[in-house]
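In our numbering, the protein residues as written are 1 to 130. Don't be surprised by glycine CBs; every beta carbon is placed ideally from N, CA and C. Shown next, in structure tokens, is the structure this report addresses.
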């Protein structure tokens, strides 16, 4: 399985937050799963951390490496694909994740219900961790 983590999923994973659905945690932890994190998520975290809107590891790159997550760069093709998406979702970071998942044939992991309006593969997330 090839996954792309939405920003909140990444943060919940790193913090061992009980909001992370069990099915997502299981797939992320599976040895055979390829897990990607977009540069857009790292950028979003850095911005929101700098203005005090969220907490995240001080060395996010080291945290990604420690979890064997792959960094996914933003390409010109990704940018064009994000710009061409229908305007169901206004958040530019989320639109980039949708475009990247589509362009790179990745399954997007998110609890954001607005993602289902797009033609993108989503990991079903019915459960929450206790």
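For residue 36, the uninterrupted beta strand (DSSP E) segment begins and ends at 34 to 38. Here residue 4 carries a strand assignment [DSSP, helix/strand/coil]. Residue 92 and residue 32 have their C-alpha atoms some 30 Å from each other. Residue burial annotation: residue 45 is buried, with at least 16 other C-beta atoms found within 10 angstroms of its C-beta. With respect to residue 53, residue 89 sits apart: the two C-beta atoms are not nearer than 8 Å.
Here residue 38 is buried, its C-beta having at least 16 other C-beta atoms within 10 Å. Within the DSSP secondary-structure output, residue 71 pairs in a beta bridge with 37. Distance from the CA atom of residue 58 to the CA atom of residue 21, rounded to whole angstroms, is 25 Å. Looking at the DSSP output, residue 107 sits in a beta bridge with 3. In the DSSP annotation of this structure, the continuous segment of the alpha helix (DSSP H) that includes residue 65 starts and ends at 60 to 66.
Rounded to whole angstroms, residue 40 and residue 71 show a C-alpha spacing of 10 Å.
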